[in-house]
Structures are given as C-alpha cells and as structure tokens.
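Visitor:
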Amino acid sequence: MSGYSHSSHSSHSSHSSHSDAMFEFAGLDAYAGFAATGMLAEAMLRDREALVGNLKSSINTSSFKTWLANPFPAPLDSPANMARWAPHIRGHLCDFELLSSVAFTVSGTTATLQTSDGRDVAIIEQPDISAFKSQVDRVLDWAIVREDRTSEILTQVVPPIAYTTALFGLCEDRSKYAMELLAIAQRFAMFALMRFKHAFACPRPHEYSPLIQPLLESPPFSTFPAGHATESFMFATVMRNLAAYTRGSEADNQMQTLAGRIATNRVVAGLHFPIDNVAGRMLGETLGEYFVHLCQHTATTAGNGWVKRKFKRSPAANAQADFDPLEPMDVDTWPSKTPVGYFEDNNASRIEKPAAAPPASRALLSWLWGQAVDEMRAMGFRA
Numbered sequence: 004m005s006g007y008s009h010s011s012h013s014s015h016s017s018h019s020s021h022s023d024a025m026f027e028f029a030g031l032d033a034y035a036g037f038a039a040t041g042m043l044a045e046a047m048l049r050d051r052e053a054l055v056g057n058l059k060s061s062i063n064t065s066s067f068k069t070w071l072a073n074p075f076p077a078p079l080d081s082p083a084n085m086a087r088w089a090p091h092i093r094g095h096l097c098d099f100e101l102l103s104s105v106a107f108t109v110s111g112t113t114a115t116l117q118t119s120d121g122r123d124v125a126i127i128e129q130p131d132i133s134a135f136k137s138q139v140d141r142v143l144d145w146a147i148v149r150e151d152r153t154s155e156i157l158t159q160v161v162p163p164i165a166y167t168t169a170l171f172g173l174c175e176d177r178s179k180y181a182m183e184l185l186a187i188a189q190r191f192a193m194f195a196l197m198r199f200k201h202a203f204a205c206p207r208p209h210e211y212s213p214l215i216q217p218l219l220e221s222p223p224f225s226t227f228p229a230g231h232a233t234e235s236f237m238f239a240t241v242m243r244n245l246a247a248y249t250r251g252s253e254a255d256n257q258m259q260t261l262a263g264r265i266a267t268n269r270v271v272a273g274l275h276f277p278i279d280n281v282a283g284r285m286l287g288e289t290l291g292e293y294f295v296h297l298c299q300h301t302a303t304t305a306g307n308g309w310v311k312r313k314f315k316r317s318p319a320a321n322a323q324a325d326f327d328p329l330e331p332m333d334v335d336t337w338p339s340k341t342p343v344g345y346f347e348d349n350n351a352s353r354i355e356k357p358a359a360a361p362p363a364s365r366a367l368l369s370w371l372w373g374q375a376v377d378e379m380r381a382m383g384f385r386a
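Its first residue numbered 4, the sequence shown is counted upward by one per residue in the numbering used here.
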C-alpha cells in the first residue's frame, strides 16, 4: 500500500548470509544499480553506445512488441490499462472516480452525502451542544484506562490498517491489490468525513473542560463524526465483502469489535466523545457499502447497493449511553436505551441500488476489486 511500502532486492536472495543493511553499508546497492548515482548514469551511457552502435538503422521496431501493429496497447479509457500503472497512479484514478460519484449538501442542522444523481448515501444531523456537554464526564471516566491502552492509542494515531490486515494475514507480497483497495477506501472515508466535520464544526472534549488533558495533541479539526470510527468500520465492511463473510458471523463480529475498540481508544485518549463514534460507525458502515457497490457495479453486474442511513440527534439525551459497536443500526426504532444520538428509520430492506449501469469511467474500481478478490480467493477466503 502506498505510504507503507518498503523495497526489497531480489538479487540479495543469493546472499542469504548478509542483511540488506550490510549490503547498503558495503555500497553494493550502488554497484548493482539499485541506487541512482553519477557512476551508474555514466556506465549506462557507455553501455548503450557500445550496444547500439550501427544497429539502430537495421532494427525492425514493429517486431519489438505485438501491439505496435495497432495504434495503442488498449482501447481508449480501457480498465485493462490499470495493470500498466504504478499503485499510486491507480490510487489517483480511483480517488477521482469515487469523488466524482458524490455530492454534499447542507440544510439547517442536517448534512447529506448523495450520489451525483441525487440518491442519498448518508444523512447526519448535528447534535445539540447539550449532547456533548452531557458526555464530558464519560470522557473523564474513560481516562482511567489510559495507562493500559497507551501502546494501542499511539500505534493507532495513523489509520490503523495494520490491525485490520493482521486479522487476515494481508501483506504487500501476496495481497498488494487488497492493500491498495483498503488504502483507497481509507482516503475516500477521509474525504467524506472531513466534509461532514467541516459542516458541523463541533469542538473537541478538551474545549469543554481542562480536566480532559488529552493523552495526545488534539487534531486541528472538528470532533464529530469520529474519523477513526469511520475508517475502522469502513475497513470492516470492505473486508467482510472481500473475504465473503456473512454479516453477524464470528469473523465479522471480531472485525466489528476491533473497530469498536479502536474507536473507543480515541475516547480513552480524551480526543472524542462517545457520540462521535456512534455517528462515525454509521458513516463508516454506509460508506463501506457504497464503496463496495461501486466496485461491483459494472455493465454486467448490478452491485449490492447500500442502506441509506440517517443519524439523528436524540431529543432526550442520556449521558451514560456509551458506544456499542454491535448495537443494531438497521432497525425501524431504537431498542431500549435512548442515547444522545440514534439511527432513524433505517432498515436493511431499504437498499439504494441504481438501475443504470455506470459510465465507462467508473470501471476502474471494478478492475482493482477483481484483482483483490482473486488474491483473497488464492489465500483461501472465498469459494
């Protein structure tokens, strides 16, 4: 995944008694051409002159590659070209595809993420300030476990994808496309999340009380919805579909519980309120479903659609209502307790599923999804 990669040199495998660090210390990387140096540039120049010589007038370029008999290797805007690009370039293309598929609107205290053709994806109401005030004591209560969770909190500052991939044994050597896909999903979650955060502009816990004294420096943006909750639950949703697990299965519940712990650790650190995680979970799950839908929605496949969900601020705040990652979201009425925010009229049968096939420009995510599915199948996760 871009940003987490490290290089390895296959030629080093024949020198098993030496570490990469020893080779770098000895300068062998430069000698072997792995490092760009002035000496290498001069050597390549001399080598070409010696090889080419008088051959340049007799080389038949049409025999070099088979596609030279045609105008270009692949048709215009073909997804097949994705295999030719570097991972970060594929990432840029998929980012554009995702962002061009959505729009954002604000009306009163409600913000809505929609598709570009006007279908609702996620709807969130801004909580009243009393909801946050009522949860200051909950944040203070959670601080008692900071010492026990410090290592987790510190290693989860950046998007905690390592925790998700550990459940599945994903690595760049054998699941590079799945890692790419998760990185793209994380960025899409961040883009959508930040738009909601800007719209609501809700202050962080330490701005309500100096007693919070966060374990980490508070991020310079809004507290609501919670970013780690959004990203973690999006990861769980994407991985559920990639690995072909059923919702509510043991493996799925483990992913949900992991996402919940990551989200709660941000409350422990004094950076979030529990209500931030309730909305973040809903947004992450919904964005994950929408993301998977776009990945699967092609000219020949309808895609699974997504549940249009709404987070609604509760008229009766309950300061003691904590975040529960396994609490049902897709029910018509909220069960027993009334937290400071709840999910209004969500139902799993209310799936948004556009009938029309996406334009050709929306086939890039589908290509990457197909590569990732093949990897997961090779690892034994799919039939």
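By construction, the Cβ of each residue, glycine as well, lies at the ideal position given by its N, Cα and C atoms. All values reported here derive from a predicted model rather than from experimental measurement.
1) Grouping DSSP H, G and I as helix and E and B as strand, with all else coil, what is Val-160?
2) Strictly by DSSP, which residues pair up with Val-105?
3) Classify His-289 as helix, strand or coil using the three-state DSSP reduction.
4) Check this for me: beta carbons of Glu-378 and Ala-204, under 9 Å apart or not?
5) Is the separation between the beta-carbon of Leu-219 and that of Val-160 shorter than 9 Å?
6) Report the option in Gln-189, Ile-92 and Leu-368 whose CA atom is closest to the CA atom of His-296.
7) Does DSSP put Thr-112 in a helix, a strand or coil?
8) Does DSSP classify Ser-19 as helix, strand or coil?
9) Would you kindly check if the distance between the Cβ of Ile-132 and the Cβ of Phe-113 is under 9 Å?
10) Just the Cα atoms here: how many angstroms apart are Gly-263 and Ala-232?
11) Any chance the stretch 191 to 208 sits against the stretch 223 to 237, with 3 or more Cβ pairs inside 8 Å?
12) In this structure, how does DSSP classify Glu-220 when only helix, strand and coil are distinguished?
13) Leaving out five residues before and five after Ala-375 in sequence, what residues of the same chain have Cβ atoms less than 8 Å from its Cβ?
14) Assign Leu-371 to buried or exposed, taking buried as 16 or more other Cβ atoms, counted over all protein chains shown, within 10 Å of its Cβ.
15) To the nearest angstrom, how far is the alpha carbon of Arg-49 from that of Trp-88?
16) Would you mind stating whether Gln-101 and Phe-194 have Cβ atoms separated by less than 9 Å?
17) Quick one: what does DSSP say Arg-385 is sitting in, helix, strand or coil?
18) Given Cys-298, which residues of its chain have a CB within under 7 Å of its CB, disregarding the five upstream and five downstream residues?
19) Out of curiosity, what's the CA-to-CA distance linking Val-105 and Arg-284?
20) Considering only their Cβ atoms, is the gap separating Thr-167 from Ser-235 smaller than 9 Å?
21) Roughly how many angstroms separate the alpha carbons of Pro-78 and Thr-69, rounded to a whole number?
22) So, with DSSP's three-state summary, where would you put Asp-50?
23) If you compare alpha carbons, which of Glu-288, Asn-84, Pro-90 and Ser-317 is closest to Val-124?
24) Strictly by DSSP, which residues pair up with Ala-125?
Guide: With the structure as the only source:
1) coil
2) Thr-118
3) The sequence given here places Thr at residue 289; His does not occur at that position. Helix, per DSSP.
4) no
5) yes
6) Leu-368
7) coil
8) Confidence is the limiting factor: at Ser-19 the pLDDT is only 45, short of 50, which leaves the residue's position unreliable, though a coordinate-based value still follows. Three-state DSSP puts Ser-19 in coil, outside helix and strand.
9) Checking the sequence, you will find Thr at residue 113 rather than Phe. For Thr-113 and Ile-132, no; Cβs fall outside 9 Å.
10) 7 Å
11) yes
12) coil
13) Ser-178, Tyr-180, Ala-181, Glu-183, Leu-184 and Leu-245
14) buried
15) 30 Å
16) One detail in the question is off: residue 101 reads as Leu in this sequence, not Gln. Yes. Within cutoff.
17) coil
18) Leu-368, Ser-369 and Trp-372
19) 20 Å
20) yes
21) 15 Å
22) helix
23) Glu-288
24) Leu-116 and Arg-312
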